[in-house]
Amino acid sequence: MNRREFIDKLFEKAAACGIQECEAFFSSGESFEVDVLDGAIKEYSVSDSSGGCFRGLYNGRMGYASTQIEDEEAIEMLTEGVKNNASLLETDDGESIFEGSAAYPQVNTYDEAVTQIPASEKIALSLELEKLVKSLDARVQRVEGCGVNSFCGETRIVNSKGLDVSCKRANYTAGVAPVVSENGKVNFSFAHKFARHPGDIDIREVAEKSVKRALDGLNARTIPSGQYKCILRNDMAGALLATFAGVFSGESARKGMSLLKGREGEIIASECVTLTDDPLLDGAPASAPFDSEGVACFTKDIIKNGKFITLLHNRVTAKEAGTVTTANASKGGLAGKVSVAPSNLFINASDKTPDDLYAEAGDGLLITSLMGMHSGANPISGDFSLGAKGFRIEDGKIAYPVEQITVAGNFFEILKNVRTVANDLELDRAIASPSLYIGEISVAGK
Amino acid sequence: MLNKTAAEKALARAVSTGGDFAEIFYEDTRRSRISQTDDRIDTASTARVHGAGIRVYNGLNSVYVHSNDTSVAGLMKIASAAADAIGSVRGEGRDIHLIGSITPNIHEVKQLPMDVDGAKRANLVRSACLAAKSVSPEIAHVTSAQWDWEQHVTIANTEGMFKSDARVYTRMSVQAVASRDGVNQTGSCSPGGHTGFELFETGVDPEEVGRRAAEQAVTMLHGDFCPAGVMPVIIDGGFGGVIFHEACGHSLEATSVAFGNSEFCGKLGAQIASVKVSAYDDGTIPNYWGSENIDDEGNPTTKLLLIENGILKNYMVDRLNSRRMNMPVTGSGRRQNYAFAPTSRMRNTYIAAGTDDESEIISSTAEGLYAKEMGGGSVNPLTGEFNFAVREGYLIKNGRIDRPVRGATLIGKGGETIMKIDRVGRKMWMAEGMCGSASGSVPTCVGQPMIRVTDMTVGGRK
């Protein structure tokens, strides 16, 4: 059965069995991944995936069911699943099927040329990257991972109210994790580059960045426990923001899981902090013309010069909060209920360099690695206590590498304590930040 | 179902370009989930996961291709893609003759969750929520969920294997948030098993699960910030075993060992842990969360001795890495689903019961941290550096458990930490978790008796 037939039959069956309005959300894609080791292919994987999630309003409640196979049996399973699941629900959150936005923005998410790069070229690029990394310094022992992955796929939303939108996406990424050693001490680091157009990846830049990071961290030592003035390198500031991004979700607020509920208009961050959610950014990882409900995406500030402007919403959370959707509806996986998530979320850069931040701190700590985000950070309270690595800063300059420490604090306090934002924002991940000087933080060491 | 003739054809195609081994992993899985937030059921969903993956080896080169299309044409398409990637020889391929076998089932299932009435599931999450709410007026929010999945797999390979297995998993979880003066603290409890819905009649009381989560949240709400520094740490049994899972288990997986990316490479027969420590990775315990009949490469699961009185005895080895390491497989090849190539993974991993008296372990500790319940963690096998969160912790003063502390993190290096275990208690138990690694997220148990580590770096805010 082809997709069109499947949709027609599914909607027909749904109408026949009392499902008032419904939607089919399809996600399909091809991904390619190659990992090389010692000049040979270590892992090679190709996947071709396709699935559909069906939701429908039955007796006023929205039921969900999903499938990765589109056959007659699936139609039965989806319609029965929607009815049974809807019948179990006790919430009437007003979830409904969206009739469509007046217009949709043009967003750069797809370049046909990326889908045409042959496997042999991606393998060659991976091998060249490994060779380069090994050639940069005699202390590079091997790579723990080195490769290229690519993805091209499509999201399509079709519903019984006449909406039929789709978006193609393609990208490729190269990354490498060199292992370096000196005098029996081992260290490793990682660098990667995300691109939407062929030729956008400079593997020399990736290789040099990864090797420098690994070598810089060699011969690290621990430091005494205490309070240290702290700078979060751009990638770690981004990782911390990603860990706590849920606090800006209207869904979390609605469930009482965000301390930001009802605090729009308050000052929640330092004046130098402006946090933006921008789904329209050219070629960025989470750019999209429409969200998971089919609402046209747009750019908005969440925090403007320290002032909390808005939570992120989908149509349900917005309705309950008495506002309008910010087009941040998201599906956590094919089977998931429509929830809320940021698109490209970032703290706006300033014109200060990271060196300016070190000079401003004078005596302190630069954090370049955080471990245990999924366990040592509590997105509800904002508290975190994480394993960390980095560099001691003395006289305003990087002095020596540090390991076996933990840093502990609270995300909401950090937002308020940001002293200075740097200029080094890199949108290789959907959630990102420039380096941040965040004042003092608790460190456990020796 | 995977058709045997179609599998034979696809395997023949997969090795037609010079590959020396090929395998098909076919999967059809149904999942269901129901959850309640506060006083109302707000999610109910069902999903069908379906697909197949074909793996081809040529020596140490390995290729994995998977798709949702499991028709004969779909299988031939992925077989061809795998063949094209592994080699350039254009050959006829060899004849593959598959011989079916019945997989013995050691995990009896009495009630298939898919057949359980929705109302019964709804009652379960409702009663757990109510029980949690009733613990204290400080419980501000409760989420309770129950989910299960029934995975049917067929594994066929060019050595003639044609095996099927059905795996049924049932689990529930309660997360409670206690709140006071703008401060939130959480507690959770998530029991489950490789079993059917009878789990809730024989082993797990949903109300008890709710109360346990709520009590933990309230306890932590009244805790002070944990002091930072180096101190003796007593880690209780059950989920406390996550220390061993993170600090040692991952570094004993062939995924790390075969590439020299583990601090325990080349240490078989050497003392890597305190003599007090013996440890196992056991997939054979009936109905345990991390147990199996066969692994995802079709090999029978095993009870594997990892460490005996501190001496390293075995690594966990999957098929591809058994070639790299020249060691036999240990039934440890696992994957989340057909979308992942399998690799060596843990099952139910635990430190075996020792001989120390639990009350003495506490009374002989002048000052330190008692980690009653652990949260998750992670490790870099290369350096052994690990970190994990203490979900419910207390300070120990003068040999007594003093007051609760929150926000504690334990860090260290695996090899150093397991050498510093100076007490191992008598009563061992396990707890359920999901372990994420190269081949996705798989159910595992961690476990141990109460243990003491002479000194560890404790991260906290004070």
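Listed in order, the protein sequences are those of chains A and B.
Under the working numbering, the residues of the first sequence are numbered 10 to 455, in order.
Under the working numbering, the residues of the second sequence are numbered 722 to 1183, in order.
C-beta: ideal position from N, C-alpha, C; glycine also.
Residue i versus chain A: which residues are under 7 Å apart at the beta carbon?
i                : result
R761 of chain B  : E99 and T100
T907 of chain B  : N387 and I389
S1053 of chain B : Residues of chain A passing the Cβ test: none, with the nearest at roughly 18 Å.
T690 of chain B  : The structure shown does not extend to residue 690 of chain B, since chain B is modelled only from 722 to 1183, so the question has no answer here.
Could you tell me the boundaries of the alpha helix (DSSP H) in which residue i lies?
i                : result
H383 of chain A  : M382 to G385
Q937 of chain B  : P927 to L942
M245 of chain A  : N243 to T252
C161 of chain A  : Here C161 of chain A belongs to no alpha helix (DSSP H); instead the beta strand (DSSP E) covers V149 to N168.
F985 of chain B  : Premise fails: F985 of chain B is in no alpha helix (DSSP H) and is neither H nor E.
A336 of chain A  : Unbroken run through A336 of chain A: none, as it is neither H nor E.
C850 of chain B  : G839 to K854
G1136 of chain B : G1135 to M1140
K328 of chain A  : R324 to A330
S1080 of chain B : E1079 to S1084
D392 of chain A  : No alpha helix (DSSP H) holds D392 of chain A; the beta strand (DSSP E) holding it covers D392 to E403.
V282 of chain A  : Premise fails: V282 of chain A is in no alpha helix (DSSP H) and is neither H nor E.
Let me confirm a value: residue i is counted as buried when at least 16 other C-beta atoms fall within 10 Å, else exposed. Which label applies?
i                : result
Q77 of chain A   : buried
T1086 of chain B : buried
I820 of chain B  : exposed
P187 of chain A  : buried
S894 of chain B  : buried
Y1115 of chain B : buried
I106 of chain A  : buried
E729 of chain B  : buried
V784 of chain B  : buried
Y409 of chain A  : exposed
K92 of chain A   : buried
A49 of chain A   : exposed
T1185 of chain B : In this structure chain B extends from 722 to 1183, so residue 1185 of chain B is not present and cannot be described.
H201 of chain A  : buried
Q1169 of chain B : buried
P443 of chain A  : buried
E984 of chain B  : buried
P388 of chain A  : buried
Since residue i meets chain B, which of its residues come closer than 8 Å, beta carbon to beta carbon?
i               : result
A49 of chain A  : L781 and N782
L268 of chain A : G903 and N905
G60 of chain A  : N789
Strictly by DSSP, which residues pair up with residue i?
i                : result
T750 of chain B  : B:V770 and B:Q872
I956 of chain B  : B:A1092 and B:I1172
H787 of chain B  : A:S56 and B:G774
N782 of chain B  : B:N779
P1125 of chain B : B:Y1115
F1109 of chain B : B:G1098 and B:L1131
Nearest chain E C-beta to residue i closer than 8 Å, yes or no?
i              : result
F34 of chain A : Of the protein chains in the structure, A and B, none is chain E.
Starting from residue i and walking both ways along the beta strand (DSSP E), at which residues does that stretch end?
i                : result
Y119 of chain A  : No beta strand (DSSP E) contains Y119 of chain A, which DSSP labels as neither H nor E.
G1154 of chain B : W1150 to S1158
K177 of chain A  : D173 to E191
Given that residue i touches chain A, what residues does it touch there, using C-beta distances under 8 Å?
i               : result
H771 of chain B : T76, Q77 and I78
Y785 of chain B : E52, Y53, S54 and V55
H862 of chain B : K264, G265 and M266
A806 of chain B : Y53, V55 and A128
Using a Cβ cut-off of 7 Å, pull out every chain B residue sitting near residue i, in sequence order please.
i               : result
K238 of chain A : Here the premise fails: no neighbours, minimum Cβ distance about 16 Å.
N93 of chain A  : G839
M86 of chain A  : R769
Y73 of chain A  : S766
Please list, in chain order, the chain A residues whose beta carbon lies closer than 9 Å to that of residue i.
i                : result
T1175 of chain B : The premise fails here: T1175 of chain B is roughly 15 Å from chain A at the closest Cβ pair, so nothing lies under 9 Å.
N982 of chain B  : R151, E153, V188 and F197
N1074 of chain B : The residue asked about is misnamed: residue 1074 of chain B is Ala in this sequence, not Asn. In chain order: nothing, as chain A lies at least about 26 Å away.
Could you name the residues of chain B that residue i contacts, counting a contact when the two beta carbons are closer than 9 Å?
i               : result
Y181 of chain A : Those do not exist, as Y181 of chain A stays about 17 Å from chain B at its closest Cβ, beyond 9 Å.
>> For the region 375 to 396 of chain A, list every residue whose C-beta sits within 7 Å of some C-beta in chain B, in sequence order.
In response: Result list: M380, G381, H383, S384, G385, N387, I389, S390, D392, S394, L395 and G396.
> What residues from the region 1104 to 1120 of chain B come within 8 Å of chain A, judged by C-beta to C-beta, listed N to C?
Replying inline: Residues of the region 1104 to 1120 of chain B that bring their beta carbon within less than 8 Å of a beta carbon in chain A comprise T1104, E1106, F1107, N1108, F1109 and A1110, in sequence order.
> Got a sec: which bits of the region 958 to 979 of chain B sit with their beta carbon under 7 Å from any beta carbon on chain A, in order along the chain?
Replying inline: Against chain A - using a Cβ distance shorter than 7 Å - the region 958 to 979 of chain B contributes no residues.
>> Taking beta-carbon pairs under 8 Å, can you tell me which members of the region 139 to 172 of chain A lie near chain B?
In response: Within the region 139 to 172 of chain A, those residues whose Cβ lies closer than 8 Å to any Cβ of chain B are, in chain order, R151 and E153.
> Using a Cβ cut-off of 8 Å, which residues of the region 828 to 858 of chain B contact any Cβ in chain A, in chain order?
Replying inline: Within the region 828 to 858 of chain B, the residues whose Cβ lies closer than 8 Å to some Cβ of chain A are G839, A840, R842 and A843, listed in chain order.
> Taking Cβ-Cβ distances below 7 Å as the criterion, which residues of the region 1152 to 1170 of chain B are in contact with chain A?
Replying inline: Listed by position along the chain: nothing, the set is empty.
>> Along the region 409 to 441 of chain A, where does the CB come closer than 9 Å to a CB of chain B? Name the residues.
In response: Residues of the region 409 to 441 of chain A that bring their beta carbon within less than 9 Å of a beta carbon in chain B comprise E412, Q413, I414, T415, V416, A417, G418 and N419, in sequence order.
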